[in-house]
Structure formats: C-alpha cells, structure tokens
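A.B. asks: This is the structure I have questions about; it appears just below.
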Amino acid sequence: MSDAPEDRGARRAARAIDALRRGWPFRVSGAGGALDLLAVESARDAALAEFAGHDMLLSGERAVTLKLTNQRVAATPGPVRLAGAGGTVAAALAIADPALDLANPLKGPFHTIATGGDAAATAAMTMARHAGLLPAFFVREAAGDAETECSAGDVAALLDPARLEVAARARLPVEASESAEIVAFRSPEEASDHVALIIGKRDASPPVVRLHSECLTGDVLGSLKCDCGPQLHAALHAMGDAPWGVLLYLRQEGRGIGLVNKLRAYALQDQGYDTVDANLRLGFPVEARDFAIAGRMLDLLAIPRIRLMTNNPEKVARLERQGVEVVERIPLALPTNKYNEQYLATKRDRTGHQL
C-alpha cells in the first residue's frame with residue numbers, strides 16, 4: 001500500500017464517507033475551521049446527544065428552495081447552517097427531504113449562522129453526494145478527539161481522476177460488434193468501476209465516442225421516463241457502422257447524485273417538478289457529473305482526438321477543457337414517448353441540449 005501523502009488523504013476520505021453512510025459521526029477540516037458532522041439521512045436519535053443544540057448544515061441549493069438565502073447569494077449558493085433546527089432525526093428529515101415538503105409545508109422560522117468552516121462544509125456536501133445521501137447534516141464545531149476525520153484536501157484527493165488506472169481488459173462480443181473489447185478502470189480507494197467498450201478495429205481516424213452515464217432504470221429496466229436505454233443501444237450500433245468507436249460508461253447515476261436520489265427526483269417529478277427543479281429541491285446542482293473522469297479514461301486509452309456523439313454542447317466544452325480534441329459533434333436523435341416528452345423538453349429548454 002502506497003504511503004504517499006495523497007494516498008493517505010484519499011484513504012482518510014474514503015473512511016469518512018463510509019462513516020457518513022453508516023450514520024457515524026466524523027470530522028472534516030479545511031481553511032476556516034473544522035466541523036463535526038452526522039448525516040441526517042443515516043443518523044439515529046441516540047447519536048444526537050453528541051450534537052447538543054442540533055444545528056443543521058444544508059446545501060446551498062436546498063437552502064434556496066427553503067428561502068434561506070438572498071438573491072445575490074442564491075446565484076452561487078454555498079452551504080447554510082441553521083441554528084437549533086433539528087431536534088430529532090424526523091424533524092431534520094422534514095427540513096432536508098423534499099419528498100416530505102407537502103406533509104410539512106410550514107417550516108421555520110429558521111435562524112442562519114456562519115457555517116464555522118466553509119471549506120469543510122463544502123467538502124461535506126460533496127461527500128454526501130458521493131455517498132448517494134441527502135446533502136444535510138447535524139453539525140457542531142470540532143470538539144475533542146474524532147474517531148474518523150479527513151480534510152477538504154483529502155476529499156479532493158479521493159475524487160481526483162488522475163488516480164484512475166486500467167484494472168482489466170478482455171474481449172467481449174456484443175450485439176453491435178462481435179470483436180468488441182471491454183476495459184475497466186478503477187482508482188485504489190473508490191468502489192465505482194468505470195468501463196470503456198471499444199467497438200471495431202482501431203485505426204488512425206478519430207473514433208466515434210459516446211459518454212454514457214449509468215442509468216439502471218433506463219439501461220437495464222427499460223424505463224420510459226428517460227431516453228437512456230435507447231440512446232445507449234443506438235450509439236453502439238452507430239459505432240458498429242463507423243470505422244471504430246468507444247463507449248465510455250461512467251458510474252455517475254442520476255447526473256451524479258446516485259440511484260436513490262434519482263428515484264427521489266422521479267417522485268418530485270410526479271408532483272409536477274421538472275428534472276432541473278427536482279434536483280435543486282433535493283439540494284444538488286443541476287449537473288453533478290465529473291467529465292474529467294472521461295478525459296482520464298481517453299488519456300489512458302491513448303485517444304486524444306474524437307468524434308463525440310452527443311446532443312449536449314456542454315459535454316464538448318467540458319471534454320475540451322480536459323485536453324481532448326473534439327473534431328466533430330454527432331447528434332443522436334430518437335423518437336419520444338408520452339412518458340419522456342417533458343423530460344426531453346426540459347433538457348432542450350433548460351440545460352441547452354440540441355434536440
């Protein structure tokens with residue numbers, strides 16, 4: 001096991017995220033201060049004795065939904081701390097979980113105070129999203145010894161795409177190409193393995209590349225609420241018709257918020273919110289995926305120039321910022337159905353997709 005500083009930091013962050021998911025307290029430090037935290041979603045009332053005062057830390061996006069920030073701050077929301085807001089886990093969940101908003105419409109009044117450590121608070125929100133939990137914590141200033149602790153820099157080290165390496169590769173005949181090869185990528189402390197599927201015979205031409213974020217509901221279960229499954233299969237067949245192509249399958253479910261939170265967003269859509277507003281009400285940014293991972297995968301595959309199959313110009317810009325030359329954007333047009341018409345309209349009207 002390497003003992004380099006970044007390796008030690010990544011291990012500390014991985015242990016802290018594990019504690020977060022299990023409902024154990026942990027400490028995060030950063031410029032401006034250190035915070036002791038307990039994730040609201042996984043907490044139990046018995047653990048709250050350590051958090052006298054029951055302050056809560058919410059993401060900026062959730063705070064905007066609860067009208068806890070002024071318009072200027074709302075333009076670039078940061079975490080917000082509520083004084084004495086969460087006396088019990090149930091009370092805190094009523095504040096943190098938008099699925100409970102209709103059952104608990106009258107919240108507050110709340111008193112917001114300084115976070116006690118803005119860098120630590122921001123890192124905690126990243127950790128919650130990475131763990132697939134709601135971005136809400138019980139919080140106090142760091143006191144005494146901490147069983148589990150990390151720094152904001154440790155979190156950045158854990159999520160650094162440069163830590164990604166090729167883990168395995170093998171021939172994988174698929175419907176679109178019987179000569180396809182699959183390549184798996186892994187970083188030492190991460191649980192999520194990303195994969196690339198190489199279609200056709202590699203030559204000097206730039207390949208057709210599709211970045212596809214994991215979608216269990218669409219890719220596997222055939223959900224009609226999105227177009228993920230049809231896009232995946234259409235892209236593979238388009239690569240089969242090209243000289244060669246590469247599918248990058250990124251383990252970033254729900255635009256980076258995780259499966260459970262994506263299902264929560266689905267429930268909010270049933271209440272009338274579109275996909276953008278559902279993510280914001282949950283407390284997440286509209287786009288939480290890390291496209292630097294795709295850039296790293298292409299670098300490890302020695303593919304500097306690509307023809308990118310996407311309807312999203314932002315993907316082109318994000319990949320180019322990673323040093324990938326996108327020589328062509330290839331649109332991917334598919335028919336709609338009555339269940340995904342609003343979803344696709346939201347992608348067109350609110351996130352800049354060219355459909």
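Residues in the sequence shown are numbered from 1 upward in steps of one, following UniProt numbering.
Just so you know, even glycine gets a beta-carbon here, dropped at the ideal spot from N, CA and C.
1) Just the C-alpha distance for Ser177 and Glu190, rounded to the nearest angstrom, thanks.
2) If we require 3 or more residues per run, which beta strand (DSSP E) segments fall completely within the region 211–285?
3) Using a Cβ distance threshold of 8 Å, determine whether the region 281–288 contacts the region 152–171, with at least three qualifying pairs required.
4) Would Ala96 and Leu68 qualify as a contact pair, given that the criterion is a beta-carbon distance under 8 Å?
5) Have a look at Ala13 and Met127 and give me their C-alpha separation to the nearest angstrom.
6) For a test of the three-state rule: what should DSSP assign to Glu175, helix, strand or coil?
7) Can you list the alpha helix (DSSP H) stretches of 4 or more residues lying completely in the region 82–156, in chain order?
8) Hey, is the region 119–138 in contact with the region 32–40, meaning 3+ C-beta pairs nearer than 8 Å?
9) Helix, strand or coil for Glu190 per DSSP?
10) Could you check how far apart the C-beta atoms of Ile303 and Pro161 are, in whole angstroms? I think they sit under 8 Å.
11) Confirm, please, whether the CB-CB distance from Arg81 to Asp55 is below 8 Å.
12) On the DSSP letters alone, give me the boundaries of the beta strand (DSSP E) that Ala39 sits inside.
13) Pick out whichever of Ala46, Thr346, Ser192 and Leu35 has its Cα sitting closest to the Cα of Ala90.
14) What residue from Leu66, Lys262, Thr88 and Ala31 has the CA that sits closest to Arg44's CA?
15) With Glu6 as the anchor, note down where its alpha helix (DSSP H) starts and where it stops.
16) Would you mind sorting Thr339 into buried or exposed? The rule is 16 or more other CB atoms within 10 Å of its CB.
17) Which residue marks the beginning of the alpha helix (DSSP H) containing Asp203, and which one marks its end?
18) Could you give the DSSP three-state label for Ile293: helix, strand or coil?
19) Give every residue of the same chain whose Cβ lies closer than 7 Å to the Cβ of Ile17, excluding the five residues on either side of it in the sequence, and list them in chain order.
20) Can you name, in chain order, every residue of its own chain whose Cβ lies under 8 Å from the Cβ of Ala52, other than the five neighbours on each side?
C.D. replies: Reading off the structure:
1) 30 Å
2) 244–250
3) no
4) no
5) 9 Å
6) coil
7) 89–96 and 118–131
8) yes
9) coil
10) Actually they are not in contact, since the Cβ atoms of Ile303 and Pro161 sit about 15 Å apart, beyond 8 Å.
11) yes
12) Gly33 to Ala39
13) Ala46
14) Thr88
15) Pro5 to Arg22
16) Here the sequence assigns Tyr to residue 339, which means Thr is not the residue at that position. Under this definition Tyr339 is an exposed residue.
17) Run containing Asp203: none; DSSP gives neither H nor E here.
18) helix
19) Met127, His130 and Ala131
20) Arg140
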